[in-house]
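Notes for the one structure printed next.
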Amino acid sequence: MRQDNPRGRRRPLALAFTATSLAAAATLLVACGGGGGGGGGFFPIGPINPPPAENATYKAEIRRTAMGVPHIKADNWAGAGYGYGYAQAQDDLCTMANSFLTYRGERSRYFGADAQIPFSSTIGRPKNIDSDFFHKHVISDDVVAAMLKQQPDTLLKLVDGFAAGYNRYVREIKAGGSAGANAACRNEPWVQSVTREDIFRRMYSANLAAGLSNFLPAIANATAPAAAKMAKAGGRGTATGGITQLAAAELRRPDFQVGGHEGVGSNMIGFGTSATGDASPLLFGNPHWYWRGPDRFYQAQLTIPGQLNISGTSFLGIPVILIGFNDNIAWSHTVSTANRFGLYQLTLASGDPTSYMRDGAAVKMQAASITVQVKQSGGGVVPVTRTLYKSEYGPIANLASMNAALGWSQASAFAIRDVNADNFRLFRNWQRWNQAKSLDEFIAIQKEEVAIPWVNTVAVGRGAAKAWYADIGAIPNVSAEQTAQCTTPVGLALADALPGVPVFDGSRSACDWQSDADSPQKGIIGAARLPSLQRDDYVANMNDSYWLANPKAPMTGYPPIMGPAGTQEVSFRTRMGNLLAQGRIDGSDSYGAKGATADTVKRMVLNSRALTAELFKDQALAMVCAKATINVAADPLDNAAIGRDIDVSGACATLRAWNNAGTRDARGAHVWDEFWDRAERLPAASLYAVPFDPADPIHTPRDLKPGAAAALSTAFGAAVAKVQASGFAVDATRGEVLFATRGGQKIPLYGGCGGPGYFTISCSDNPLDKGGYSMDNDPNGNSYMQIVRFPAGGVEAHTFLTFSLSDDPASAHNADYTRAYSAGQWLKVPFSEAEIQGDAALKTSSISE
Numbered sequence: 000m001r002q003d004n005p006r007g008r009r010r011p012l013a014l015a016f017t018a019t020s021l022a023a024a025a026t027l028l029v030a031c032g033g034g035g036g037g038g039g040g041f042f043p044i045g046p047i048n049p050p051p052a053e054n055a056t057y058k059a060e061i062r063r064t065a066m067g068v069p070h071i072k073a074d075n076w077a078g079a080g081y082g083y084g085y086a087q088a089q090d091d092l093c094t095m096a097n098s099f100l101t102y103r104g105e106r107s108r109y110f111g112a113d114a115q116i117p118f119s120s121t122i123g124r125p126k127n128i129d130s131d132f133f134h135k136h137v138i139s140d141d142v143v144a145a146m147l148k149q150q151p152d153t154l155l156k157l158v159d160g161f162a163a164g165y166n167r168y169v170r171e172i173k174a175g176g177s178a179g180a181n182a183a184c185r186n187e188p189w190v191q192s193v194t195r196e197d198i199f200r201r202m203y204s205a206n207l208a209a210g211l212s213n214f215l216p217a218i219a220n221a222t223a224p225a226a227a228k229m230a231k232a233g234g235r236g237t238a239t240g241g242i243t244q245l246a247a248a249e250l251r252r253p254d255f256q257v258g259g260h261e262g263v264g265s266n267m268i269g270f271g272t273s274a275t276g277d278a279s280p281l282l283f284g285n286p287h288w289y290w291r292g293p294d295r296f297y298q299a300q301l302t303i304p305g306q307l308n309i310s311g312t313s314f315l316g317i318p319v320i321l322i323g324f325n326d327n328i329a330w331s332h333t334v335s336t337a338n339r340f341g342l343y344q345l346t347l348a349s350g351d352p353t354s355y356m357r358d359g360a361a362v363k364m365q366a367a368s369i370t371v372q373v374k375q376s377g378g379g380v381v382p383v384t385r386t387l388y389k390s391e392y393g394p395i396a397n398l399a400s401m402n403a404a405l406g407w408s409q410a411s412a413f414a415i416r417d418v419n420a421d422n423f424r425l426f427r428n429w430q431r432w433n434q435a436k437s438l439d440e441f442i443a444i445q446k447e448e449v450a451i452p453w454v455n456t457v458a459v460g461r462g463a464a465k466a467w468y469a470d471i472g473a474i475p476n477v478s479a480e481q482t483a484q485c486t487t488p489v490g491l492a493l494a495d496a497l498p499g500v501p502v503f504d505g506s507r508s509a510c511d512w513q514s515d516a517d518s519p520q521k522g523i524i525g526a527a528r529l530p531s532l533q534r535d536d537y538v539a540n541m542n543d544s545y546w547l548a549n550p551k552a553p554m555t556g557y558p559p560i561m562g563p564a565g566t567q568e569v570s571f572r573t574r575m576g577n578l579l580a581q582g583r584i585d586g587s588d589s590y591g592a593k594g595a596t597a598d599t600v601k602r603m604v605l606n607s608r609a610l611t612a613e614l615f616k617d618q619a620l621a622m623v624c625a626k627a628t629i630n631v632a633a634d635p636l637d638n639a640a641i642g643r644d645i646d647v648s649g650a651c652a653t654l655r656a657w658n659n660a661g662t663r664d665a666r667g668a669h670v671w672d673e674f675w676d677r678a679e680r681l682p683a684a685s686l687y688a689v690p691f692d693p694a695d696p697i698h699t700p701r702d703l704k705p706g707a708a709a710a711l712s713t714a715f716g717a718a719v720a721k722v723q724a725s726g727f728a729v730d731a732t733r734g735e736v737l738f739a740t741r742g743g744q745k746i747p748l749y750g751g752c753g754g755p756g757y758f759t760i761s762c763s764d765n766p767l768d769k770g771g772y773s774m775d776n777d778p779n780g781n782s783y784m785q786i787v788r789f790p791a792g793g794v795e796a797h798t799f800l801t802f803s804l805s806d807d808p809a810s811a812h813n814a815d816y817t818r819a820y821s822a823g824q825w826l827k828v829p830f831s832e833a834e835i836q837g838d839a840a841l842k843t844s845s846i847s848e
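Numbering-wise (numbering that gives the first Met the number 0), the sequence shown opens with residue 0 and increments by one.
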């Protein structure tokens, strides 16, 4: 029998265990103080770590390399999941255990009803009680059962193994193993084992990020009004549902998480071989995502010899790699502009607000009596019950938070149809991608499944000269004619608050979403009518629509629900991304000879250029620095009173010397950011001398209007006042102002938010005058970054996991990747067996049961 030591060399071990005695021996070792290595990399139950028993149900080998990245090797799908679930739990147990309560609807039992979920995710930060009712209602047992039925056996085994691996670590730590690891939660009663169904609930929750999740409180609180007599001709309400008028100015837009928050988005560029100058294309992928909470990324490699060899990242609690690369393909995602949900306005039956009319007949809503256990401040728990409802379109939502007229009344109610609520194909799609052997196969899978939930895709493949872009996924199928005929008057009023969202009359079956001949799911657009592009120079997306996947070949003519195409200006981040790609292809940037090599792209994507500063700084300073002081009555950002003269001379001098970038040592970037955050509030027609031109979208709008000088001066004065109040000097470096804290030490960072045109994203939720742009609370930004190419005979991959692998402060991998990111030191991640075995940081362990 052998044990692996941290460098991977074999040494004899003078102890042996049978499979049946292993658990008892482990318990004895723990009782004698033989805890394992915590989150620091090496992690047996105790100091003894036998090889997997031959007849074990689950067994896996976990090899950790630099930054703690686990490379999991198993003989089958169950084993791969087993190793992955165990590794994730080691590094992020507290976040995972907390989030499983969310998906089961059990937060209130342990944390009380009114507390908020601690960190943002695709559901925002709702109250526990609302989260519990939402998840019990929307991810009900019948939904989970329906999802299970449509999964291949290999995926079911992967999930079963993941649950078993997670549960193994929970058992170990509850028995006292891994001393010192996950101290924040290891003894908490809410750290519990999970089931196959729990993992699928977690997976299904990711479906809903661009639809139902944005209406969580509205769905959780949609209780029916008491029945009342209605004097309506024909015994039913009217098609307008009793809402006679609704002013657009009176509407409050829902707080969308995905695509609606600064920093929650992504960049990706796929370079074809005419851009790389050799036989291999190159992919740069960079989701801007949550740094904390259940949706943070986790990096790993899963290997089943002869079946699977995939490296990349997935959300915590999900066993399938969502963004990554294998021997032959690499891909990434960005949030799509296509709408993934619609509203149906229901005309209610007379005297029965829980029945709605459809083609002249009353249809009873599906009622669900749901009970949530709620912890009391004085101790104990009490049951709280609500009856919530679903229609054939989806759950009923009380939209009174948008406007009182949109609440559930005697005459009208609203149902939300999320296209991904019935999309049970997406993890099968990703699993198939994990195994794809060519770019052609990858594309064929995407077109066959039409399952990608709310993101664009860019991919490259070995031997393929062209890079692939597509927004091919589950998208509501509504025609222009149907939109004209089915949109209710309320829907017209909601057009500005919910642009592009179909708000249809639910009383007519003619208003059901349609299907194409190639639609694999009822009510979605078939792949043939969805946008895609292949180019041998580059394709890209930075969260604007499909329109400019490559500005040399703008795409138009796709269904309006896909998002704008040539009708509105694109973000400065989109413009910067295209300028970076074009500059690298033609060599006009500062990185030497033209061509997108791994080395030049690594530097390019971290250069932290701020496009608005490059375009407007000199013009703006000529306007706002004419005098040494600016009198500011109130801050245009929040209307807070200032009422004094602001000395701007130091800020002006600093910005004149600034290099227009958010690099770590750049001085004054925070002054520009505060200024631009206020300046961009001006209407475009008042701010720009040259308006947006769809024929030149990467270079317009441009130039500041001289007539904007007064408003810009006020914005600048207010920005300088904010900096002065913050305690940071106007010439402070970026790294002083923008940072992450680990172990009580500040790690300087770079980049910024997308608004000022940074391509390198580190977007803090913390105000400058509340301690600086800290990335410690609830931030978003660069997360899992990968640059991948396919040289002959191998894979070359460079990665970052910017926030580090583990959320456990005691782990050796809580800050190491973050420090490397701070220094711009990409990890050349091992992929082949030889690379893994040769890694200087290799630590190996085997687990089984």
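Glycine included, C-beta positions come from ideal geometry on N, C-alpha and C. Here the structure is a predicted model, which is why all the values come from computation and not from measurement.
I need the straight-line Cα distance from residue i to residue j, nearest angstrom please.
{"i": "PHE423", "j": "LYS616", "result": "49 Å"}
{"i": "THR487", "j": "ASP358", "result": "16 Å"}
{"i": "ALA526", "j": "ALA337", "result": "14 Å"}
{"i": "ALA217", "j": "LYS135", "result": "14 Å"}
{"i": "CYS473", "j": "PHE441", "result": "A small fix is needed here, since residue 473 is Ala in this sequence, not Cys. Each residue's Cα considered, the two are about 17 Å apart."}
{"i": "PRO558", "j": "LEU529", "result": "8 Å"}
{"i": "THR611", "j": "LEU804", "result": "33 Å"}
{"i": "LEU207", "j": "TRP453", "result": "9 Å"}
{"i": "ALA410", "j": "ALA226", "result": "10 Å"}
{"i": "ALA656", "j": "ALA466", "result": "40 Å"}
{"i": "ASP495", "j": "ASN476", "result": "21 Å"}
{"i": "THR94", "j": "PRO808", "result": "13 Å"}
Between which two residues does the alpha helix (DSSP H) carrying residue i extend?
{"i": "ARG574", "result": "571–585"}
{"i": "GLU613", "result": "610–623"}
{"i": "ASN428", "result": "425–433"}
{"i": "THR862", "result": "One cannot answer for residue 862 here, as it falls past the ends of the chain, which runs 0 to 848."}
CB-CB under 6 Å to residue i, same chain, minus the five flanking residues each way: which ones, in chain order?
{"i": "PRO563", "result": "SER544"}
{"i": "MET364", "result": "THR353, TYR388, SER390"}
{"i": "LEU92", "result": "ASN181"}
{"i": "ALA366", "result": "THR386, TYR388"}
{"i": "ALA627", "result": "SER648"}
{"i": "GLN618", "result": "LEU703"}
{"i": "SER212", "result": "THR121, ILE122"}
Starting from the C-beta of residue i, find all residues in its chain whose C-beta is less than 7 Å away, skip the five residues before and the five after it, and write them out in chain order.
{"i": "PHE674", "result": "ALA714, PHE715, ALA718"}
{"i": "ASP517", "result": "GLY525, ALA526, ALA527"}
How far does the beta strand (DSSP E) with residue i in it reach, from first residue to last?
{"i": "VAL380", "result": "380–389"}
{"i": "VAL190", "result": "Careful: VAL190 lies outside any beta strand (DSSP E) and carries neither H nor E."}
{"i": "PHE118", "result": "Run containing PHE118: none; DSSP gives neither H nor E here."}
{"i": "ASP702", "result": "701–703"}
{"i": "PHE255", "result": "First-last for PHE255: undefined, no H or E at that position."}
Is it buried or exposed for residue i, if we count other Cβ within 10 angstroms and need 16 for buried?
{"i": "PRO778", "result": "buried"}
{"i": "ASP197", "result": "buried"}
{"i": "ARG680", "result": "exposed"}
{"i": "GLY305", "result": "exposed"}
{"i": "THR798", "result": "buried"}
{"i": "ASP511", "result": "buried"}
{"i": "ALA695", "result": "Reading off the sequence, residue 695 comes out as Asp, not Ala. By the neighbour-count rule (16 or more Cβ atoms within 10 Å), ASP695 is not buried but exposed."}
{"i": "HIS669", "result": "buried"}
{"i": "PHE413", "result": "buried"}
{"i": "LYS842", "result": "buried"}
So, for residue i: in the same chain, excluding its five sequence neighbours on each side, which residues have a beta-carbon less than 8 Å away from its beta-carbon?
{"i": "ASP129", "result": "LEU215, PRO216, ALA219, ASN220"}
What are the uninterrupted segments assigned as alpha helix (DSSP H) that are 4 or more residues long and contained completely in the segment 93–169, given in chain order?
106–110, 127–137, 140–148
Of all the beta strand (DSSP E) runs that stay within the bounds of the segment 537–567, which reach a length of 3 or more residues?
Runs found: 537–540.
Which runs of the alpha helix (DSSP H) spanning at least 4 residues fall entirely within the segment 774–839, listed in chain order?
815–821, 832–836
Kindly provide the ranges of any alpha helix (DSSP H) runs that are 4 or more residues long and lie completely inside the segment 612–683, ordered along the chain.
648–656, 668–678
Taking only runs that begin and end inside the segment 712–745, name each unbroken alpha helix (DSSP H) of 4 or more residues, in chain order.
733–736
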